[in-house]
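Undergrad: Dropping the structure in here first, questions after.
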Amino acid sequence: MSTTDTDTTPDTPAKDPKVFEYRNPAGGWGALKAVSKHLLHGRSPGMNARSLFKLNQPDGFDCPGCAWGDPEHGSSFEFCENGVKAVTWEATSKRVTREFFAKHSVSELKRWDDYRLEDQGRLVEPMRYNADTDHYEPIGWNAALDLIARELKALPTPDDAIFYTSGKAGNESAYVFQLLARLYGTNNLPDCSNMCHEASGVALGEALGTGKGSVRLEDFEHAEAIFVFGQNPGTNHPRMLGTLREAAERGADIVTFNTLKERGLEKFADPQKPLEMLHNGSHRISSHYFRPKLGGDMAVLRGMAKALFERDAAGETVLDHDFLAQHTRHLEAYRACVEATSWADIEAQSGLGRDEIEQAAELYARSKATIICWAMGITQHVHSVVTVREIVNLLMLCGNLGKLGAGTSPVRGHSNVQGDRTMGIFEKPSKALLDALEKRYGRAMPRDFGVDSVAAVEAMRDARGKVFIGLAGNFTRAISDSRVTERAMSNCRLTAFISTKLNRSHLITGEEALILPCIGRSEIDRNQAGEAQLITVEDSMSMVHGSAGINTPVDKTLRSEIAILTGIAERLFDDAGLDNDVVDWAAMREDYDVIREHIAAVIPGFEDFNTRVRVPRGFWLTNPAFELRFPTSSGKAEFSSGPLPEGVMHQQLATRDGWLTLQTMRSHDQYNTTVYGYNDRYRGIENGRQVIFLNRADIDRLGFEAGQWVDLIGESNDGVERRVDGFKIVAFDTPEGCAAAYYPETNPLIPLDHKGDKSHTPASKSIAVRLEASRRIA
Ligand SMILES: Nc1nc2c(c(=O)[nH]1)N[C@H]1C(S)=C(S)[C@@H](COP(=O)(O)OP(=O)(O)OC[C@H]3O[C@@H](n4cnc5c(=O)[nH]c(N)nc54)[C@H](O)[C@@H]3O)O[C@H]1N2
Ligand SMILES: Nc1nc2c(c(=O)[nH]1)N[C@H]1C(S)=C(S)[C@@H](COP(=O)(O)OP(=O)(O)OC[C@H]3O[C@@H](n4cnc5c(=O)[nH]c(N)nc54)[C@H](O)[C@@H]3O)O[C@H]1N2
Ligand SMILES: [Mo]
1 MSTTDTDTTP DTPAKDPKVF EYRNPAGGWG ALKAVSKHLL HGRSPGMNAR
51 SLFKLNQPDG FDCPGCAWGD PEHGSSFEFC ENGVKAVTWE ATSKRVTREF
101 FAKHSVSELK RWDDYRLEDQ GRLVEPMRYN ADTDHYEPIG WNAALDLIAR
151 ELKALPTPDD AIFYTSGKAG NESAYVFQLL ARLYGTNNLP DCSNMCHEAS
201 GVALGEALGT GKGSVRLEDF EHAEAIFVFG QNPGTNHPRM LGTLREAAER
251 GADIVTFNTL KERGLEKFAD PQKPLEMLHN GSHRISSHYF RPKLGGDMAV
301 LRGMAKALFE RDAAGETVLD HDFLAQHTRH LEAYRACVEA TSWADIEAQS
351 GLGRDEIEQA AELYARSKAT IICWAMGITQ HVHSVVTVRE IVNLLMLCGN
401 LGKLGAGTSP VRGHSNVQGD RTMGIFEKPS KALLDALEKR YGRAMPRDFG
451 VDSVAAVEAM RDARGKVFIG LAGNFTRAIS DSRVTERAMS NCRLTAFIST
501 KLNRSHLITG EEALILPCIG RSEIDRNQAG EAQLITVEDS MSMVHGSAGI
551 NTPVDKTLRS EIAILTGIAE RLFDDAGLDN DVVDWAAMRE DYDVIREHIA
601 AVIPGFEDFN TRVRVPRGFW LTNPAFELRF PTSSGKAEFS SGPLPEGVMH
651 QQLATRDGWL TLQTMRSHDQ YNTTVYGYND RYRGIENGRQ VIFLNRADID
701 RLGFEAGQWV DLIGESNDGV ERRVDGFKIV AFDTPEGCAA AYYPETNPLI
751 PLDHKGDKSH TPASKSIAVR LEASRRIA
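What follows is the structure, encoded as structure tokens:
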């Protein structure tokens, strides 16, 4: 059952997904069963079990899963089913050797799917692509690093190089990487944030003067209501379910807005509570569950604000007038624009009834401290920035900032994605950062903004000969418009990836291509003298803490990310002579405390970094919004006003016969482009990923049947055919007109320019698609 007729979408092994009804709560015995299966899969169960006891512990390593915070008084287990998958996937004894690459050509590997590529195990040796033989061949570390330096030096301008970072990278690697790029002369530092929470950063920055969330983990213990928008924590932030569950137990309202009915947001059995497990008990999570249409959340929020203003006008005390007067600006303009928005438009765009929205507004109004959480269901639309602004507008109306149990909580993805930004991984650096770097290093820093992730693809598409260096991640597969992206990447002069596992980005080669294998977070990172090094990360709540691996690296040849990056820097700056004088790269490599001294000197909030990071559980970077300081141009928190978006995707498509809005999301068995398996337990899918979830009325209206195989066709107004084929129809509880399928298989459907206003994040939760009976599978 092959699913491709192009050279870019990998074959999926013959799989026929099965659909079943999942009746249990999230977590529970199903989670424990999955844990033991994954412990055994990596071939080193002993090592893996030991690793788990050190996960998220003060003397252990940070879970490479999500960015959810660690409790201050943590239990001796602080992991979840999907954290186990992340750790065992890395701590495997399987290896990808030179013999493997000799046996399989790159053209052959391109036909493997994401699961099979990564399942080969850990990369162990630097490899260089040989275009004549179409195989990767071993290359020594020195030769590999020389090659990168040579190619970078040969570029006509530093802006022809692109330095991509995925949020797996720790603070120290991130700092060294941005320093290298900027001393070299470019701000081309796109990262996975560009595809993820960029809209949150932009909107929070505009409104409150800080791009980060304002709450700490302890605020969840005091919130009277927690609103969760567009997030599936049962799969993607399972430890958050423990937090939500505790809040639910003490009577807080958990109010969910999700297009799908996600099991983890309904009921949860905590595998870390033995009694509950023995009695097959569970606890409800959401007290109220609303199902807006894709992209309908801004209208929901606007409707809630409208209900509050109406009640205020009727003389009820629902708004926090003191807070509004003291801390905010432009309330009147906002009020006018909310009043000008009709209930009819709000209902049409949100897909919810006025009564439902008024009910949500009542829950919000009666809570004295409210947290709003959100994730990709909010940030991956064209109108995401204005939607996040609307979240902040709503919070401000009732003074839900700067007090215990209240605030903004954009729940981040990658475990250190927030820290990487703090360290300066950003294509649009602040003047303050560049000034601080200039002061510390006495070198002029590049002042022009660099490319973000989408712009990086455009740059590689439009001009040949770029150099792309990836620090972790799987850029080619994560970004939109896979076919266009793959062509763009092959235009490069050099592609080089610092990685732990084999992935598709390695197979889309420039004229030159390198794979640089590194040690992972679960492994001990030793310097030449044999001393173990500590790295640091920052979680979603701005807690910075240390992380030290405990396993012996899977291979002696592996180098740390920092050894690789400093190796490139030494070679790159050797003949200039200069930069090797201002930065002692070898000292950084030998002692990460030295890197932290650089960070302490340049990045605000990291004073005395080396001492504070050694305190168990680390330290909190304060958040200005939490302290009611708003470093905006006016010094106040700013309301935004404007009409609802012209028509979100599901409204635009209503006039186009046969078209649906598609959201692309994660299954329970994947970590972004890393696929751990073919099941999506809570959604009742087994043994396959090529499925499309559709409302039954849509299936009937379009003349298909559940179980039928179809091809998905995206927009092709630029002459590029956007089609992926062989998806099985699953009748599902999703609103009419709103379809769902897994990423990254569906990324070829997203045109590169289908992206968020101001955020430029691929709008991967609202893709226009139509279906045709599969050309290949009957
Ligand atoms: N195990 C595991 N953990 C992960 C990851 C992983 O892949 N696997 N990825 C990590 C990363 S990088 C990130 S960013 C996070 C992602 O965490 P999530 O944001 O939870 O990820 P998605 O799977 O994209 O889920 C989107 C959710 O939003 C809902 N949704 C989609 N569109 C809309 C909409 O328009 N409105 C509303 N109200 N809901 C909508 C979907 O139904 C789904 O429940 O998780 C992180 N943690
Ligand atoms: N259609 C669609 N597209 C999306 C999304 C979506 O919801 N829908 N989500 C977007 C989001 S939120 C994100 S964050 C991006 C993710 O984009 P990325 O962060 O680029 O992708 P990952 O899949 O997390 O990267 C996996 C690879 O990282 C490498 N790796 C793992 N651990 C380490 C390590 O410790 N060190 C190093 N050096 N390498 C390591 C391995 O080689 C592995 O193959 O995808 C985005 N793309
Ligand atoms: Mo993400």
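Counting with the UniProt record's numbering, you get residues 1 to 778 for the letters of the sequence shown. Quick reminder that beta carbons are idealized off the backbone N, C-alpha and C, glycines included.
Is S629 helix, strand or coil when you go by DSSP?
TA: Per the sequence shown, residue 629 should be read as Arg rather than Ser. Coil.
Undergrad: Does the beta carbon of K368 fall short of 7 Å from some heavy atom of ligand 4?
TA: Of the ligands this structure carries, namely ligand 1, ligand 2 and ligand 3, none is ligand 4.
Undergrad: Got a sec, what are the start and stop residues for the alpha helix (DSSP H) W585 sits in?
TA: It spans W585 to E590 - the alpha helix (DSSP H) in which W585 sits, taken as one unbroken run.
Undergrad: So does the segment 254-273 actually touch the segment 222-232, counting three or more Cβ pairs closer than 8 Å?
TA: Counting Cβ pairs under 8 Å, three or more are found: they touch.
Undergrad: Note down, one range per segment and in chain order, each beta strand (DSSP E) of at least 3 residues found wholly within the segment 331-399.
TA: List check, beta strand (DSSP E) in window: 370-374.
Undergrad: Taking buried to mean at least 16 other C-beta atoms within 10 Å of its own C-beta, is P25 buried or exposed?
TA: Under this definition P25 is a buried residue.
Undergrad: According to DSSP, which residues form a beta bridge with K556?
TA: Paired residue(s): none; K556 is not in a bridge.
Undergrad: Counting C-beta neighbours from all protein chains within 10 Å, is the total for G251 16 or more, i.e. buried, or is it exposed?
TA: So G251 counts as exposed.
Undergrad: Identify the continuous beta strand (DSSP E) that holds V228 and give its terminal residues.
TA: Unbroken beta strand (DSSP E) run through V228: A225 to F229.
Undergrad: Given a threshold of 16 other Cβ atoms within 10 Å of its Cβ, counted over all protein chains shown, does E137 qualify as buried or as exposed?
TA: That one is exposed.
Undergrad: Say yes only if the C-beta of A66 is nearer than 7 Å to one or more non-hydrogen atoms of ligand 2, and no if none qualify.
TA: The question names Ala, but residue 66 in the sequence shown is Cys. C66 Cβ: outside cutoff for every heavy atom of ligand 2.
Undergrad: What does DSSP give as the partner residues of A513 in its beta bridges?
TA: Partner(s): T495.
Undergrad: Using DSSP bridges, identify the partner residues of I685.
TA: The partner list for I685 (beta bridge, DSSP) reads V19 and D680.
Undergrad: Would you tell me roughly how many angstroms separate the C-alpha atoms of R504 and F475, rounded to the nearest one?
TA: If I take the Cα positions, the gap works out to 9 Å.
Undergrad: Taking the DSSP output, what are the residues bridged to S200?
TA: Beta-bridge pairing links S200 to no other residue.
Undergrad: Terminal residues of the continuous alpha helix (DSSP H) containing D132?
TA: No alpha helix (DSSP H) holds D132; DSSP gives it neither H nor E.
Undergrad: In terms of residues, what are the limits of the beta strand (DSSP E) holding E221?
TA: Segment: none, E221 is in no beta strand (DSSP E) and carries neither H nor E.
Undergrad: How is T88 classed by DSSP in three states: helix, strand or coil?
TA: Helix.
Undergrad: Can you give me the C-alpha to C-alpha distance between L507 and V602, rounded to a whole angstrom?
TA: Approximately 37 Å between the Cα atoms of the pair.
Undergrad: Let me make sure I understand the geometry here. Which of T566, G402, N280 and V411 has the alpha-carbon closest to that of A637?
TA: The candidate whose alpha carbon is nearest that of A637 is G402.
Undergrad: Taking 7 Å as the cut-off, is the CB of T97 close to at least one heavy atom of ligand 1?
TA: Not under cutoff, so the answer is no.
Undergrad: When a residue counts only if its C-beta is closer than 5 Å to some heavy atom of ligand 3, which residues count, in chain order?
TA: Spelled out in chain order, the answer is C196 and G413.
Undergrad: Identify every residue that forms a DSSP beta bridge with W620.
TA: BP columns for W620 point to M543.
Undergrad: Is S200 near ligand 2, with its Cβ less than 7 Å from a heavy atom?
TA: Not so, every heavy atom of ligand 2 lies at least 7 Å from the Cβ.
Undergrad: Three-state secondary structure (DSSP) at C66?
TA: Correct three-state label for C66: strand.
Undergrad: Can you find the residues in the same chain that come closer than 7 Å, C-beta to C-beta, to E715, ignoring five residues on each side of it along the sequence?
TA: Here the set comprises R722, P751 and A768.
Undergrad: For I508, does the three-state DSSP call read helix, strand or coil?
TA: I508 falls in the coil class under three-state DSSP.
Undergrad: Which residue from R182, E172 and A169 puts its Cα closest to that of I162?
TA: Looking at the Cα atoms, R182 is the closest of the given residues.
Undergrad: Grouping DSSP H, G and I as helix and E and B as strand, with all else coil, what is N551?
TA: It is a strand residue.
Undergrad: Just mark F20 as buried or exposed, buried being the case when its beta carbon has 16 or more other beta carbons within 10 Å.
TA: So F20 counts as exposed.
Undergrad: Which same chain residues, not among the five before or five after S766, have their C-beta less than 6 Å away from its C-beta?
TA: Taken in chain order, the residues that qualify are L294, G295, H381, M649 and T661.
Undergrad: Ignore the nearest five residues each way along the sequence and tell me which others in T422's own chain have a CB closer than 7 Å to its CB.
TA: Taken in chain order, the residues that qualify are E538 and I603.
Undergrad: So, for N82: in the same chain, excluding its five sequence neighbours on each side, which residues have a beta-carbon less than 6 Å away from its beta-carbon?
TA: Only G65 and P238 meet the Cβ criterion.
Undergrad: Would you say M489 touches ligand 2, meaning its beta carbon is less than 7 Å from a heavy atom?
TA: Because no heavy atom of ligand 2 lies under 7 Å away, the Cβ of M489 does not count as near it: no.
Undergrad: Going by DSSP, name the residue or residues bridged to Q663.
TA: DSSP output for Q663 lists A740 as bridge partner(s).
Undergrad: Between L294 and ligand 1, is the CB less than 7 Å from at least one heavy atom?
TA: Yes, since a heavy atom of ligand 1 falls inside the 7 Å radius drawn around the Cβ of L294.
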